[in-house]
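Residue numbers (our numbering): -15 to 376. Glycine residues also receive a C-beta, built at the ideal position from the N, C-alpha and C atoms. I have placed the structure first, in the form of C-alpha cells, so that the comments after it can refer back to it.
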Amino acid sequence: MTDRLAELSATGVAIWLDDLSRVRLSTGGLDQLRREKHVAGVTSNPTIFAKALSAADEYNWQLKDLAVRGVDVEEAARMLTTYDVRWACDVMRPSYEKSAGIDGRVSLEVDPRLAHETEKTVAEAKALWWLVDRPNLFIKIPATLEGLPAITATLAEGISVNVTLIFGLDRYSQVMDAFLAGLEQAKANGHDLSKMGSVASFFVSRVDSEVDKRLEKIGSDQAKALCGKAAIANARLAYERYCEVFSSDRWQALADAGAHPQRPLWASTSTKNPNYRDVMYVEELIAPGTVNTMPEPTIHAVADHGEVRGDTITGAYDDARKVFADLKSVGVDMADVVAVLEREGVEKFAASWLELLDGVRKSLAAAGQGSGKPGAAAKGSAQAAEQAGGNA
C-alpha cells in the first residue's frame, strides 16, 4: 500500500498538524498522528483554542482550580492554552530530537490584539517562552509592520519564532530580513544559533478566496479562467525569494555559525472552494525545505489520494509570474488583496481571542459555582462594583 505521506516527507516537505486540543492530547491522537502519519509539528491559533475550549470537558478540572484561586480571565486563558502547548511539545519531542531541532515544534501565538504594538508583543513573547519552558516551542508573531521589529527583537533574545499572517511577497521579503537581523543580534548576544528555529507562515487558500471573489465580480471569461490560480502562484514566487535570500553571503555567515534557515510554511492549505481538488495546496506546493501545516482531514485526504510528483515549485516561476501579469491585466490589484487579507486576518484572530476569553469567563463562573466559591468573573464583578461604590 502506497504511503503517500511518507513520499511527501521524502521530498523535503515537513507535514505539520494545524490543530490542537486537550482531547487530541489526552486520547493520544496527536502521538498517533506523529507515529503513523508522519506529522512532525503542530500549529495553533486563537480560533483553534476557542473551538477546543468550547467543545470539551477535559478542561473542567483546571477551570475549577483556576476559579478557586480567583484567577482573572486573561491569566486563566494563558494557563489553559500554555498547558496544552507544553503537553504537545512533550508529545512532539521525539520528532524534535530525531530532526536535531528542525521539526517537532509546537506554535503558540501572542495575543493578536497586540498585532500593532511592538514592545508589548516582545514582552508577551518572552513571557510565553518562559511559561511553556520547552525548547521545541515556537512563538507566533504576526507579520504586521509593527510585528517586524518584534520578530527581530524576539529572535535576538534566543527565542524561536513562527511568523504568521504573511500574504504578500514584499512583506515576506521584510520578514526574512527581520529574521536575519534577529539571528545576527542573537549571535552578538551570545545565543547558540543551532538551538534556534523559525518558520514563515505564508497563507494560501485565503488568497484564492479573496482573489476569486474579485474575479467573479469582474465576470469576464478571461477573469474567470484565473480562478484558483493566484494563491499557488503567490506561494511559488515566495519560494523563489526564499531560495535567493538563503543562498546569499549574509545568510551563509549565519549558517557557518550554526543557524538553520527560516523555512516557508504553507498555512491555510485546506481548500475553501468545494470545486477545487481538496489536496491542491499540498500537491502544487512541494519543494525541499518547506512545511505544510494541514488540518487533520487534509492530512487524511493526502494519505488517501494525494499525488506526490516531486518538486512542483522550482520550475514554475515563469508560469507564476504570468498568472500575476494576467491578474493585473483583468483589474485585480494584488497589493490591495494583500492589505485586505492582513487586516482581516488580524481582526479574525482578535475576534477569536475575545471569543476564547468569553468562553473562559463563562466556564470560570460555572466552575466557581460548582466549587461553592466565587469564580474569577464573579470576583472581578464584585471588585468593580466595590470600586464604583467608592468612587460615587
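- Rounded to whole angstroms, ALA140 and ASP176 show a C-alpha spacing of 11 Å.
- Closest in alpha carbon position to ASP161, among LEU129, LYS179, ARG190, GLY142, is LEU129.
- Of the other Cβ atoms in all chains shown, 16 or more fall within 10 Å of the Cβ of GLN246; this residue is therefore buried.
- Under the three-state reduction of DSSP, LYS306 is assigned to helix.
- Following the DSSP letters along the chain, one finds ALA134 inside the alpha helix (DSSP H) bounded by residues 131 to 140.
- Taking C-beta atoms under 8 Å as the contact rule, LEU98 and THR105 qualify, at a distance of about 5 Å.
- For MET278, there is no enclosing alpha helix (DSSP H); the enclosing beta strand (DSSP E) has its first and last residue at 274 to 278.
- DSSP places GLU101 in the coil class of the three-state scheme, outside both helix and strand.
- Just measuring C-alpha positions, the residue of TYR260, PRO281, ALA300, MET180 sitting nearest ILE270 is ALA300.
- Excluding sequence positions up to five before and after ASN120, its CB lies within less than 7 Å of the CB of CYS73, MET76, ARG77, TYR80, GLY88, ARG89, VAL90, all in the same chain and listed in chain order.
- Counting along the chain, the unbroken beta strand (DSSP E) around VAL183 starts and ends at 182 to 187.
- Taking C-beta atoms under 8 Å as the contact rule, LEU340 and ALA61 qualify, at a distance of about 6 Å.
- The straight-line gap separating the alpha-carbon atoms of ALA241 and VAL145 is approximately 18 Å.
- Ranking ASP15, ALA127, LYS306 by CA distance to the CA of PRO96 puts ALA127 first.
- The beta carbons of SER313 and PRO279 sit about 35 Å from each other, so the pair does not count as a contact at 8 Å.
- Nearest Cα to SER185 within the set GLY152, LYS197, GLN169, LYS213: GLY152.
- Annotated three-state conformation of GLY88 is coil, per DSSP.
- In the three-state DSSP reduction, PRO126 falls in the strand class (E or B).
- Rounded to the nearest angstrom, the Cβ distance from ASN276 to VAL263 is 10 Å, too far for a contact under 8 Å.
- Shown here, ARG234 sits in a helix according to DSSP, grouped into three states.
- Beta-carbon to beta-carbon, LEU167 and ALA222 are separated by about 20 Å, too far to satisfy the 8 Å threshold.
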